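Chains as they are written, first to last, in this note's numbering: chain A, 246 to 699; chain B, 246 to 699.
Glycine residues also receive a C-beta, built at the ideal position from the N, C-alpha and C atoms.
Given the structure is predicted, the values throughout are model-derived calculations rather than measurements.
Read through the structure below, which is laid out as structure tokens, and then see the notes.
Protein chains: 2
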Amino acid sequence: MKKIVSLLFILPFIVAAQTENDSAAIKHFSNEILLHGKGYEWLSQLTRNIGGRLAGSPQMVQAEQWGFGVMKAAGADTVFMQECKVPHWVRGGKDEAFVLTEIKSIPLNVLALGNSNGSGENGVTAKVLEVKNFEELDMRKEEAKGKIVFYNCDFDETNIFTFESYGQSVKYRGGGASHAARYGAVGVIVRSMSHATDNNPHTGWMGYNDSFPKIPAVAIGLKDLTVLHDNLAKNKDLQVSLFTYGKMLPDTIGHNVVAEIKGTQNKEEYITIGGHLDSWDVNEGAHDDGAGIAQTLELLRAFKALNYHPKHTIRFVLFANEENGTRGGKEYARLAVENKEKHVFALESDAGGFTPRGFSITTDALGWAKIDSWKKLLAPYGCTDFLHDGRGTDINPLYTAFKISEAELIPDSQRYFDIHHAVSDVFENVNKRELHLGAVNMAAFIYLVDKYGL
Amino acid sequence: MKKIVSLLFILPFIVAAQTENDSAAIKHFSNEILLHGKGYEWLSQLTRNIGGRLAGSPQMVQAEQWGFGVMKAAGADTVFMQECKVPHWVRGGKDEAFVLTEIKSIPLNVLALGNSNGSGENGVTAKVLEVKNFEELDMRKEEAKGKIVFYNCDFDETNIFTFESYGQSVKYRGGGASHAARYGAVGVIVRSMSHATDNNPHTGWMGYNDSFPKIPAVAIGLKDLTVLHDNLAKNKDLQVSLFTYGKMLPDTIGHNVVAEIKGTQNKEEYITIGGHLDSWDVNEGAHDDGAGIAQTLELLRAFKALNYHPKHTIRFVLFANEENGTRGGKEYARLAVENKEKHVFALESDAGGFTPRGFSITTDALGWAKIDSWKKLLAPYGCTDFLHDGRGTDINPLYTAFKISEAELIPDSQRYFDIHHAVSDVFENVNKRELHLGAVNMAAFIYLVDKYGL
């Protein structure tokens, strides 16, 4: 009895001391990253020197070699590449579209969707069927034949977390072409997945259903969306011409680039941290996902610089081909299964380099109890939002294979869809402190997971 | 007994229903502002059409007239101006500085501090004493005579809330000139209050102690700070020339611009919402404090558009002359006392137009208990940080006079000191959703204070 009383007496002190140690450790990571972080400099190299780096492009190869070199220089215990087949889509030319009114031809700012087939040099010229959503198209399917379907779909501005709007509307970009082709449409124009105040179109992944003709598909900037809508309101029989040149070439070879810091106690158990190295071809991929790459590399650097010795082996992964194939993430999980690796946790950063607001987490009740006890440790660094069931595209296959706890960094989302997949996703739109503060929170989270499990 | 049991039984349901109503009301404000907000458009007019609007400038007058017109158009019950004397400082010319090495003259990017006296056309040329802080200057005071003191003071990068770094270091900008003049210095160069990655100098308020000579004072961009530091390390006897032309002219007339929505129950009790209309002369004053003005106007618009009838009379105030005199805020409080007005609460937005993170609040224990019960209502809109003892410069005189509860909106602070008082504080650096989301949270806070008191 006496023993129990003593334990009950000292337990709060142990917990308090623990929290104090953890708080000091996290402050240590924070000071290192905010004072000496190189993530921003690396992001500059990746975005300005290499630039857009779609799977299969020469820049993809350059980026892989660059990442390998940075990881070596940052002092990783090992660095290696995982080869994987990646799709090789090329844009093939300058995407164009024109509204043909009776008196003039009005150019529209458009971008072909990634993976879409081009119209070729003769283009596609047809009348336009404007619809708000799939339901309207289904109802008016008889009208679609021989026309260009214009998805003037909503991108809800009232959601505070903008990824919700993206989740609601991205189906028109991903599946809109085949949905329209099923009814005989000859092309589609999709509202950009954005609420930006500029006129940049936003490209992104699309996929064809092999049962229907593979018709051209473009995204349109929001100002020209209004131009098109207004002209259609005046004359529903006007024609639009689309010129795109997209082509899917045979698969080629890409690589995940992987570094490790070996664990001190559970060497054969892996914690994975990563982002994706590829980007769309039309921009520098600064927020998407240069930021995640820079943060992943910065964690490696900071951990080594601080001589931090994790219990588990930590893998830092620059994933290949997230944008138009997810082949890197799938190959990483396939190899993990094949090699009978033991994975315990994975963290991804692929939602931009803006100020961190929290994490989206997939874990069980016990895990959530731990998260609750960590909240006060993360709040001083800006992470106060803890969402459920998030993980991220590249670590999702690992979750499917192992059902481990996973998480994704949640940066502030207000600006993200202004620049996502548009020409404006460039280095200048990333802020150094915001980027590095994301890395601080990732380091803190990894430190806690390594120490206490999740 | 039965009665008490019944009350205890139904109380949670009453509270839950209340919360549900409040939650719905706030969602109503949010949708109105995010879908139909005009704050961003008004900010564009104020910053691009009018521009920098320092007290005493023609743009100050234009801005007052513009604000009056917008308030009228937004449907305020009354709009009026409060005249006040404002200081009239003019920059007078292009601020310049040069490092004079043996082989060349290196230009430095500098800006005279606001309210400082110019060197005149002959400039000030002298050797330089570089110090880290006042303590070092005090220790080396014998060396200061006849020299330009260079405050290479710290701007702590490890603080997560960047206003802490500002609070720690701004004394060198505000009081550095007289502190150096006391020891016979002939000019001062102050590190810009920033951690930006560019080279823009950041101006801002300074004040002279009348007991000492009023020597020229400039802020220096961070890249040129390194140039100066490195050259001094090579040759401590090198000279620097400063050329500034600042001049304080006689006081002139400015105005607070005030609109009201009359209260339905406590008509003679005032809730004040405001920002400041003036800005520095070298930029558009977009974040500082065009954002606060746009949000204040947007609240007025949204409240009228939604036909919201507050219990108290709400005052929307565009304060005059915050930057180099705080005369508007002082006059507002003076008139409130003179007119025996009853004030119950004031809210200011003057920390930038970035994503809202919370509020800094001055209230008592009862007030904090209310704040605690409101946290779950504000969290969905991004406000999760509730700091103590904040109010804001323009409503501080009202606090001094009435000791009422006050608050200030706390936007994300990571980018703020990159642009604060520099040429880069322009419209393009404000994001529409972030600005409007700040207004959403201000509207929610005002709604709760009007309904429940604080």
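Next item on the list: List the residues of chain B that Asn276 of chain A touches, going by C-beta distances under 8 Å, in chain order.
Entry: Thr403
Margin query: Less than 8 Å between the C-beta atoms of Glu568 of chain B and Gly359 of chain B, yes or no?
Written below: yes
Next item on the list: Measure the Cβ-Cβ separation of Tyr515 of chain A and Thr571 of chain A and say whether it is below 8 Å.
Entry: no
Note to self: Is it buried or exposed, His532 of chain A, if we count other Cβ atoms within 10 angstroms and call 16 or more buried?
What the structure shows: buried
Margin query: Output needed for Leu580 of chain A: all residues of its chain with C-beta closer than 7 Å, excluding positions within five of it in sequence on either side, in chain order.
Written below: Gln327
Note to self: Buried or exposed for Ile249 of chain B, going by 16 or more other Cβ atoms inside 10 Å?
What the structure shows: The pLDDT assigned to Ile249 of chain B is 44, lower than 50, so where the model puts this residue is not dependable; a value taken from the coordinates is nonetheless given after this. Ile249 of chain B should be labelled exposed.
Next item on the list: Determine the direct distance from the alpha carbon of Ala371 of chain B to that of Phe222 of chain B, and round the result to whole angstroms.
Entry: Outside the displayed range of chain B (246 to 699) lies residue 222 of chain B, so it cannot be described from this structure.
Next item on the list: Please state if the CB of Val502 of chain B and the CB of Glu375 of chain B are separated by a distance shorter than 8 Å.
Entry: no
Notebook entry, point to check: Residues of chain A with a CB under 8 Å from the CB of Pro642 of chain B: which are they?
Noted result: Near Pro642 of chain B there are no residues of chain A at all, since even the closest Cβ is about 32 Å away, more than 8 Å.
Checklist line | Rounded distance between the beta-carbons of Gly530 of chain B and Gly297 of chain B, thought under 8 Å | finding: 6 Å
Checklist line | chain B within 8 Å of Glu679 of chain A, Cβ atoms only | finding: yes
Notebook entry, point to check: Alpha carbon to alpha carbon, what distance is there between Gly603 of chain A and Ala425 of chain B?
Noted result: 45 Å
Next item on the list: Determine the chain A residues that contact Arg660 of chain B at a beta-carbon separation under 9 Å, and present them in chain order.
Entry: Thr600, Asn676, Arg678, Glu679
Note to self: Am I right that Gly683 of chain A and Ser605 of chain A are in contact with their C-beta atoms under 8 Å? What's the rounded C-beta distance?
What the structure shows: About 14 Å; that fails the 8 Å criterion.
Item checked: Asp630 of chain A - DSSP class collapsed to helix/strand/coil -> strand
Check: Given Phe561 of chain A, which residues of its chain have a CB within under 6 Å of its CB, disregarding the five upstream and five downstream residues?
Finding: Ala504, Ile518, Thr541, Leu545
Check: Is Phe405 of chain B helix, strand or coil by DSSP?
Finding: One detail in the question is off: residue 405 of chain B reads as Ile in this sequence, not Phe. Looking at Ile405 of chain B - three-state DSSP - the assignment turns out to be coil, as it is neither helix nor strand.
Checklist line | Boundaries of the beta strand (DSSP E) in which His333 of chain B is found, first to last residue | finding: 323-335
Next item on the list: Could you check the C-alpha separation between Thr608 of chain A and Arg660 of chain A for me, to the nearest Å?
Entry: 28 Å
Checklist line | Tyr697 of chain B burial status per 10 Å Cβ neighbour count (16 or more: buried) | finding: exposed
Item checked: Cα-Cα separation between Pro257 of chain A and Ile271 of chain A, rounded to whole angstroms -> Low per-residue confidence applies at Pro257 of chain A: pLDDT is 49, beneath 50, and the placement is therefore not dependable, though the value from the model is reported in the following sentence. Straight-line Cα distance between these residues: approximately 21 Å.
Item checked: CB contact below 8 Å: Asp695 of chain A versus chain B -> no
Notebook entry, point to check: Taking Cβ positions, are Asn528 of chain A and Ala342 of chain A nearer each other than 8 Å?
Noted result: no
Checklist line | chain A within 8 Å of Leu256 of chain B, Cβ atoms only | finding: Because the pLDDT at Leu256 of chain B is just 48, under 50, the model does not fix this residue reliably, and the value given afterwards should be weighed accordingly. By this cut-off, Leu256 of chain B is not an interface position.
Next item on the list: Give me the Cα-Cα distance between Lys512 of chain A and Lys585 of chain A, rounded to the nearest whole angstrom.
Entry: 14 Å
Item checked: Minimum length 3: unbroken beta strand (DSSP E) runs contained in the stretch 416-478 of chain B -> 432-436, 462-465
Notebook entry, point to check: Would Pro625 of chain A count as contacting chain B if we go by Cβ distances under 8 Å?
Noted result: yes
Check: Grouping DSSP H, G and I as helix and E and B as strand, with all else coil, what is Thr571 of chain B?
Finding: coil
Check: Thinking C-beta only, is Gly452 of chain B closer than 8 Å to Asn362 of chain B?
Finding: no
Note to self: Tell me the DSSP secondary structure of Gln484 of chain A in three-state form.
What the structure shows: strand
Check: For His588 of chain A, which of A:Asn641, A:His633, A:Tyr626 has the nearest alpha-carbon?
Finding: A:Asn641
Notebook entry, point to check: List, in order along the chain, the chain B residues whose C-beta lies closer than 7 Å to that of Asp657 of chain A?
Noted result: Thr600, Asp657
Next item on the list: Identify each residue in the stretch 415-440 of chain A for which the Cβ-Cβ distance to at least one residue of chain B is less than 8 Å, and report them in chain order.
Entry: His440
Checklist line | Proximity below 8 Å, CB of Leu467 of chain B to CB of Ser437 of chain B | finding: yes
Margin query: Is Thr645 of chain B close to chain A? Criterion is C-beta to C-beta, closer than 8 Å.
Written below: no
Margin query: Is the separation between the beta-carbon of Leu299 of chain A and that of Ser524 of chain A shorter than 8 Å?
Written below: yes
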